[in-house]
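All remarks here apply to the structure that follows.
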Amino acid sequence: MFSRRLYSSSTRFLKDFMTTQEKGPVQLSIESKISQALNPSILEIVNESHMHAHHAAMKGVTSKETHFRVTVVSDEFQGKSLMQRHRVIYGLLNDELQNKGLHALSIKAKTSAELEKQ
11 MFSRRLYSSS TRFLKDFMTT QEKGPVQLSI ESKISQALNP SILEIVNESH MHAHHAAMKG
71 VTSKETHFRV TVVSDEFQGK SLMQRHRVIY GLLNDELQNK GLHALSIKAK TSAELEKQ
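The numbers in our numbering rise by one with no breaks, and the one at position 97 of the sequence shown is 107.
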């Protein structure tokens with residue numbers, strides 16, 4: 011049990027350290043908009059753009075902020091279907107998708123109760 015906590019804490023620290031160092035304007039905007047609109051208890055945003063840079067659709071794209079994995083735990087999702095939750099997030103990030111070079115999102119959207127059941 012202790013080693014698991016230690017691992018989780020060090021992993022969380024490393025994740026926080028890495029993301030703090032690498033946050034660009036698109037990621038900061040995603041974080042701000044989701045935080046303000048959904049008041050999440052958990053918000054994890056991971057820039058995965060480097061994993062997709064070689065794809066044909068990314069040819070000639072110079073942005074380093076095109077693909078993100080977003081995990082949001084918010085009670086604002088209560089009573090909403092998975093599709094409705096995704097629509098909320100896509101709606102919040104419409105400007106980033108249309109004008110700021112955001113190309114793709116991988117979304118996990120849950121309520122606190124759903125997270126506790128896992």
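In this text, a Cβ means the ideal position worked out from N, Cα and C, and glycines have one as well.
Where the alpha helix (DSSP H) through residue i begins and ends
i	result
Ser42	35 to 48
Three-state secondary structure assigned by DSSP to residue i
i	result
Asp126	The amino acid at residue 126 is misidentified as Asp; the sequence shows Glu. It is helical.
Gln108	helix
Glu75	coil
Leu53	strand
Leu102	helix
Gln94	helix
Residue i, enclosing beta strand (DSSP E) - first and last residue
i	result
His113	No beta strand (DSSP E) holds His113; DSSP gives it neither H nor E.
Alpha carbon of residue i to alpha carbon of residue j, nearest angstrom
i	j	result
Gly101	His77	17 Å
Glu126	Lys120	10 Å
Gly111	Gln88	30 Å
Lys90	His96	10 Å
Glu86	Leu107	22 Å
Asp105	Ala123	31 Å
Ser45	Leu115	16 Å
Pro35	Val83	23 Å
Paired residues, beta bridge with residue i - DSSP
i	result
Thr81	Glu54, Lys118
Distance between beta carbons of residue j and residue i, contact taken as under 8 Å
i	j	result
Glu32	Ile55	That belief does not hold up - the Cβ atoms of Glu32 and Ile55 are roughly 11 Å apart, past 8 Å.
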